[in-house]
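*Asks:* My questions will all concern the structure given below.
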Amino acid sequence: MNTDKFQYSILSDSEDMQHLGYILEQCFIMSAGDSAIYMKRLGVDKFRVIHQNQQVVGGLALLPMGQWWGGQSIPMTGIAAVGIAPEYRGCGAAIALMEKTLQELYQQQIPISALYPATQTLYRKAGYEQAGNYCTWQISTDKIQLTETSLPLKPVVAEQHHIFHDLYQQQAQLTHGYLHRHPAIWQGLTQPDTQETVSAYLIGNPDQPQGYIIFTQQRTPDSTIMLVKDWVMLTNAAITTFWSFIARHRSQIDQVQWRSSVIDHLTLLLPEQTAKITSHQRWMLRIVDLVKALEMRGYPSGVSAELHLEVKDDLLPANNGKFILSVTDGKGKITTGGKGDLQLDIATLAPLYTSLFTPQQLQLTGKLKATETALLAATEIFANSSPVMVDFF
Numbered sequence: 037m038n039t040d041k042f043q044y045s046i047l048s049d050s051e052d053m054q055h056l057g058y059i060l061e062q063c064f065i066m067s068a069g070d071s072a073i074y075m076k077r078l079g080v081d082k083f084r085v086i087h088q089n090q091q092v093v094g095g096l097a098l099l100p101m102g103q104w105w106g107g108q109s110i111p112m113t114g115i116a117a118v119g120i121a122p123e124y125r126g127c128g129a130a131i132a133l134m135e136k137t138l139q140e141l142y143q144q145q146i147p148i149s150a151l152y153p154a155t156q157t158l159y160r161k162a163g164y165e166q167a168g169n170y171c172t173w174q175i176s177t178d179k180i181q182l183t184e185t186s187l188p189l190k191p192v193v194a195e196q197h198h199i200f201h202d203l204y205q206q207q208a209q210l211t212h213g214y215l216h217r218h219p220a221i222w223q224g225l226t227q228p229d230t231q232e233t234v235s236a237y238l239i240g241n242p243d244q245p246q247g248y249i250i251f252t253q254q255r256t257p258d259s260t261i262m263l264v265k266d267w268v269m270l271t272n273a274a275i276t277t278f279w280s281f282i283a284r285h286r287s288q289i290d291q292v293q294w295r296s297s298v299i300d301h302l303t304l305l306l307p308e309q310t311a312k313i314t315s316h317q318r319w320m321l322r323i324v325d326l327v328k329a330l331e332m333r334g335y336p337s338g339v340s341a342e343l344h345l346e347v348k349d350d351l352l353p354a355n356n357g358k359f360i361l362s363v364t365d366g367k368g369k370i371t372t373g374g375k376g377d378l379q380l381d382i383a384t385l386a387p388l389y390t391s392l393f394t395p396q397q398l399q400l401t402g403k404l405k406a407t408e409t410a411l412l413a414a415t416e417i418f419a420n421s422s423p424v425m426v427d428f429f
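Going letter by letter, the sequence shown gives residues 37 to 429 in the working numbering.
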């Protein structure tokens, strides 16, 4: 498909802003004016547009942040608000927009990019693949049955979210796939666009807190719900205090919801398996700069191994070819060349990189080819917990 007919640029023109705002409001069923609020929150310079015959036909937003892999925060650009005008869909505008965005990110030396797909087909064409989980859990408050509170709770003003940053980073560093958050994500958690009231509590002594909880409360025709927008629990005492705090709401709140991994360690303290996942989706990741992505990521400290890769990337030529990944003392080093014992395309490298699937699983599904020695080395190198994000962007 010919994508040269489209022109890609940073959003700057006021008329283009209006056109893109109209497209986004139509694509994402926004109220009139919501796109302007969204653009202001992210910054107009973070938006990219694509033209055909001097007409804006679509655009997207870039969120520069980081993502934690193996205990290291890797520079990552999130892709959000990808929208194409209905009359231009199916003519190559969307793939042109994604390809030109990825070429820009490579020039900026960004190692990886992530997004939440409305459709996987488009993003797989651009080299993205399923890479981690985003889950919503729910439990009835009367099922919690935990009453022990070993730590004090102090209400704080949620808008002063800098109070939470250090605590969040401590948890993020230990959680495979967590974001090094963009300021707009913090703003969305603590200052929502709707009229809902946001409450926040520090858990533990104010001079040495062990966690926090940020939540809202909703009334529906059938029940009342506490929505935990964000949480950090750094100790066992913080987790037990968290559950007992929520349980004490049972006279007013019927259900509590929170975001976590497919395997949520918080639920291990519950007396029965009464917490359920109510929604589950997978986000996607793209390796933009192979060398930087593999060298900046952390690895298991006790592993000393060498993996010979052969990677195919039709969009970004520098990622195409044979590479040797040498891992020792928790660090990786890339050299070009090698035997190419593990063969895969750039999209399949994403779930291997994030540990969403094992090398054996990827081989069984026809996503890669490898020798037995290469499979064993890849399993050692990329072994980690299930990747998760608790932020939607």
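Where a beta carbon is used, it is the ideal one built from N, C-alpha and C, also for glycine.
None of the values given here were measured: they were computed from a predicted structure.
With DSSP as the reference, please indicate the residues paired to ASN169 in a beta bridge.
*Replies:* DSSP lists ARG318 and VAL424 as partners of ASN169.
*Asks:* Applying the 10 Å Cβ sphere with the 16-neighbour rule, what's the burial state of LYS312?
*Replies:* Exposed, since its Cβ has fewer than 16 Cβ neighbours within 10 Å.
*Asks:* Select from PRO111, SER287, ILE115 and ALA273 the residue whose C-alpha is nearest the C-alpha of SER176.
*Replies:* Ranking the options by Cα distance to SER176, first place goes to SER287.
*Asks:* By the three-class DSSP mapping on this structure, what secondary structure does SER362 have?
*Replies:* Of the three classes helix, strand and coil, the one that applies to SER362 here is strand, per DSSP.
*Asks:* From this set, ILE360, ASP377 and GLN379, which residue's C-alpha is nearest ILE370's C-alpha?
*Replies:* Of ILE360, ASP377 and GLN379, the residue nearest in Cα terms is ILE360.
*Asks:* Taking the continuous alpha helix (DSSP H) assigned at TYR159, which residues delimit it?
*Replies:* Where TYR159 is concerned, the enclosing alpha helix (DSSP H) stretches over 156 to 161.
*Asks:* Helix, strand or coil for ASN355, going by three-state DSSP, please let me know.
*Replies:* It is helical.
*Asks:* List the residues that DSSP assigns as beta-bridge partners of THR344.
*Replies:* At residue 344 the sequence reads His, which differs from the Thr that was named. HIS344 pairs with ILE360.
*Asks:* When we look at the beta-carbon of ASN169 and count the other beta-carbons within 10 Å, is it buried (16 or more) or exposed?
*Replies:* It is buried - the Cβ of ASN169 has at least 16 other Cβ atoms within 10 Å.
*Asks:* Please name the residue or residues paired with GLN54 in a DSSP beta bridge.
*Replies:* DSSP output for GLN54 lists no bridge partner at all.
*Asks:* Locate the beta strand (DSSP E) running through HIS87, then write down its first and last residues.
*Replies:* Per DSSP, HIS87 belongs to the beta strand (DSSP E) from 83 to 88.
*Asks:* Give me, in chain order, the residues of the same chain whose beta-carbon lies closer than 6 Å to that of TYR164; leave out the 5 immediate sequence neighbours on both sides.
*Replies:* MET320 and ARG322.
*Asks:* Give me the Cβ distance between TRP104 and SER296, rounded to the nearest whole Å; I'm assuming they're in contact under 8 Å.
*Replies:* Actually they do not touch by this definition, with Cβ atoms about 15 Å apart.
*Asks:* Since LEU330 and GLY368 are thought to touch, with beta carbons under 8 Å apart, how far apart are those beta carbons, to the nearest angstrom?
*Replies:* Going by Cβ atoms, the distance from LEU330 to GLY368 rounds to 5 Å, so yes, they are a contact pair.
*Asks:* For the beta strand (DSSP E) holding THR44, just list the boundary residues, first then last.
*Replies:* Reading the sequence as shown, one finds Tyr at residue 44 and not Thr. Note, TYR44: beta strand (DSSP E), 43 to 46.
*Asks:* With DSSP run on the structure shown, which of helix, strand or coil describes ASP373?
*Replies:* It is worth fixing the name first, because residue 373 is Gly in this sequence and not Asp. Three-state result, GLY373: coil.
*Asks:* Consult DSSP for TYR74 and reduce its assignment to one of helix, strand or coil.
*Replies:* Helix, per DSSP.
*Asks:* Assess contact between the region 235 to 255 and the region 182 to 192, defined as three or more Cβ pairs (one per stretch) separated by less than 8 Å. Is contact present?
*Replies:* Verdict: yes, contact present.
*Asks:* Based on the DSSP secondary-structure assignment, which residues constitute the bridge partners of ALA406?
*Replies:* In the DSSP output, where bridge partners are listed per residue, ALA406 has LEU378.
*Asks:* Cutting at 7 Å between CB atoms, please list the residues of its own chain near LEU141, excluding the five before and the five after it.
*Replies:* Contacts found: THR113, SER149 and VAL324.
*Asks:* In three-state DSSP terms, what is GLY240?
*Replies:* Three-state DSSP puts GLY240 in a strand.
*Asks:* Counting C-beta neighbours from all protein chains within 10 Å, is the total for THR155 16 or more, i.e. buried, or is it exposed?
*Replies:* Burial call: exposed.
*Asks:* Mind listing, in chain order, the continuous beta strand (DSSP E) runs of no fewer than 3 residues lying wholly within the region 211 to 293?
*Replies:* Counting whole runs of 3 or more residues, the region 211 to 293 contains the beta strand (DSSP E) stretches 235 to 241, 244 to 255 and 260 to 269.
*Asks:* Tell me which residues share the same chain as GLY376 and place their Cβ nearer than 8 Å to its Cβ, disregarding the 5 neighbours each side in the sequence.
*Replies:* Result list for GLY376: HIS344, LEU345, GLU346 and LYS358, in chain order.
*Asks:* Name the residue from GLN246, GLY213 and SER186 whose alpha carbon lies nearest to the alpha carbon of ASP202.
*Replies:* That would be GLN246, whose Cα lies nearest to the Cα of ASP202.
*Asks:* Identify whether MET112 lies in helix, strand or coil by the three-state DSSP scheme.
*Replies:* Here MET112 sits in strand by DSSP.
*Asks:* Judging by CA-CA distance, which residue of LEU380, GLN293, ALA274 and GLY240 is the nearest neighbour of THR260?
*Replies:* The shortest Cα separation from THR260 among LEU380, GLN293, ALA274 and GLY240 belongs to GLN293.
*Asks:* How long is the line joining the alpha carbons of LEU305 and ALA167, rounded to whole angstroms?
*Replies:* So the two alpha carbons sit approximately 28 Å from each other.
*Asks:* From what residue to what residue does the alpha helix (DSSP H) around GLN209 run?
*Replies:* 198 to 209 is the span of the alpha helix (DSSP H), which, as asked, contains GLN209.
*Asks:* Could you tell me whether the region 255 to 270 touches the region 381 to 398, using the rule of 3 or more Cβ pairs below 8 Å?
*Replies:* With the cut-off at 8 Å, the region 255 to 270 and the region 381 to 398 do not touch.
*Asks:* What would DSSP say about ALA311, mapped onto helix, strand or coil?
*Replies:* If DSSP states are grouped into helix, strand and coil, ALA311 belongs with coil.
*Asks:* Return the Cβ separation of GLN26 and GLU195 in integer angstroms, given the expectation that the two are a contact with Cβ distance under 8 Å.
*Replies:* The requested residue 26 is not part of the displayed model; the chain covers only 37 to 429.
*Asks:* Buried or exposed, going by whether 16 or more other CB atoms sit within 10 Å of the CB of THR256?
*Replies:* Exposed, since its Cβ has fewer than 16 Cβ neighbours within 10 Å.
*Asks:* What do you get for LEU187, buried or exposed, if any count of 16 or more other CB atoms within 10 angstroms of its CB means buried?
*Replies:* It counts as buried.
*Asks:* Out of GLN62, THR401 and THR39, point me to the one whose CA is closest to GLY119's CA.
*Replies:* Comparing Cα-Cα distances from GLY119 to each of GLN62, THR401 and THR39, the minimum goes to GLN62.
*Asks:* Between which two residues does the beta strand (DSSP E) containing PRO395 stretch?
*Replies:* Unbroken run through PRO395 is the alpha helix (DSSP H), 395 to 400; no beta strand (DSSP E).
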